[in-house]
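Inspection log for the structure reproduced underneath, given as structure tokens.
In our numbering, the protein residues as written are 9 to 283.
Written out as structure tokens, the structure is:
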């Protein structure tokens, strides 16, 4: 089999994890880069491979020559009124972003690169009222989307210098967000990291993720840019909260019962040495 006959990852990969989260059963990591551990074997896996290609912010994922890319892969309906927007930005190191609604308002959680496809998607759903930034790293084209739709932009004060265009700077350890959105202050990855809880769906930014292979919650000390120990303590704020879905900026996303998520959280905190 020649290079042109197989799915592959080139040396343009920046190890942002985006493609691996789209196809965790056959895209892995080796020597600091994503790799196809095997080729997709089913129609479902083929779609996963195409999504992995589309989210890669550096065009490092390549398809076999002659395959026709399907349309409409993103935004991706991931259930319960949530959509993964796709169009991951190099400026945010390939972070995922999402769309959801609360109190009838359209929410963008973190931002993709600017795309007419995303604009049309948002217009078809009545527009965009709020851009909710989890932290300073995953802003991408938030300003352009906000200006286009006249949306408010939310960020915590400790990361606000990264988004001087923000209309709503959340303050203190118990920040307040839009209606029906609970804001959870989780400093550690950055000084101003927050999560957003919408119903039972938790948007975690870069502070927490789901590992679909081990079926565990995980966090990443190697990218705790501010303070890993503080990040672990901050995650303790999730104890007792009834979240059933985790949607991460970097890392995997998953759904379990609230009790299972609490057990997974307890396991993570124990592994990380939380008191």
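From the three backbone atoms N, C-alpha and C, an ideal C-beta is built for every residue, glycine too.
Quiz item: Per DSSP, what kind of secondary structure is residue 210 in: helix, strand or coil?
Solution: As a working mapping, residue 210 is identified with position 202 in the chain shown. DSSP places residue 210 in strand when its eight states are reduced to three.
Self-check item: Ranges of the alpha helix (DSSP H) found wholly within the region 58–145, counting only runs of at least 4
Solution: The qualifying runs are 124–132.
Quiz item: Per DSSP, residue 164 forms a beta bridge with which residues?
Solution: Looking up residue 164 in the chain shown gives position 156. Looking at the DSSP assignment, residue 164 forms a beta bridge with 178.
Quiz prompt | Bridge partner(s) assigned by DSSP for residue 42 | solution = Here the question's residue 42 lines up with position 34 in the chain shown. Its beta-bridge partners are 37.
Exercise. Note the first and the last residue of the continuous beta strand (DSSP E) segment covering residue 26.
Key: Taking the first residue of the chain shown as position 1, residue 26 is located at position 18. Element bounds for residue 26: not the beta strand (DSSP E) but the alpha helix (DSSP H), 26–30.
Quiz item: For residue 275 versus residue 242, is the C-beta distance shorter than 8 Å?
Solution: Here residue 275 is taken as the residue at index 267 of the chain shown, counted from 1. Here residue 242 is taken as the residue at index 234 of the chain shown, counted from 1. Annotated as distal: residue 275 and residue 242, with beta-carbon spacing of 8 Å or more.
Self-check item: Any 3 or more C-beta pairs closer than 8 Å across the region 121–134 and the region 175–189
Solution: The region 121–134, when compared against the region 175–189, does not touch it at the 8 Å Cβ threshold.
Self-check item: Helix, strand or coil at residue 233 according to DSSP, with G and I counted as helix
Solution: Stepping through the chain shown from its first residue, residue 233 is reached at position 225. Correct three-state label for residue 233: coil.
Quiz prompt | Inter-residue spacing [alpha-carbon to alpha-carbon] between residue 163 and residue 187 | solution = The residue given as residue 163 occupies position 155 in the chain shown. The residue given as residue 187 occupies position 179 in the chain shown. Distance between the alpha carbons of residue 163 and residue 187 is about 15 Å.
Quiz item: From which residue to which residue does the alpha helix (DSSP H) around residue 255 run?
Solution: As a first step, residue 255 must be located in the chain shown, where it is residue number 247. According to the DSSP assignment, residue 255 belongs to no alpha helix (DSSP H) but to the beta strand (DSSP E) extending over 253–256.
Practice problem: Mark residue 169 as exposed unless 16 or more other C-beta atoms lie within 10 angstroms of its C-beta, in which case mark it buried. | Solution: Translated into the one-based positions of the chain shown, residue 169 becomes position 161. Its Cβ having fewer than 16 others within 10 Å, residue 169 is exposed.
Quiz item: Is the beta carbon of residue 161 sitting closer than 8 Å to the one on residue 149?
Solution: The residue you call residue 161 lines up with position 153 of the chain shown. The residue you call residue 149 lines up with position 141 of the chain shown. Against a cut-off of 8 Å, the Cβ pair of residue 149 and residue 161 comes out as no contact.
Exercise. With a threshold of 16 other CB atoms inside 10 Å of the CB of residue 65, please say whether the residue is buried or exposed.
Key: Your numbering for residue 65 matches position 57 in the chain shown. By the beta-carbon neighbour count (other beta carbons within 10 angstroms, threshold 16), residue 65 is buried.
Practice problem: Output the distance between the C-alpha atoms of residue 262 and residue 216, rounded to the nearest integer angstrom. | Solution: Against the chain shown, residue 262 aligns to sequence position 254. Against the chain shown, residue 216 aligns to sequence position 208. When rounded, the distance between both Cα atoms is 11 Å.
Exercise. Decide if the region 116–126 is in contact with the region 218–232; the criterion is three or more beta carbon pairs, one per stretch, under 8 Å apart.
Key: With a cut-off of 8 Å on Cβ pairs, the region 116–126 is not in contact with the region 218–232, counting fewer than three such pairs.
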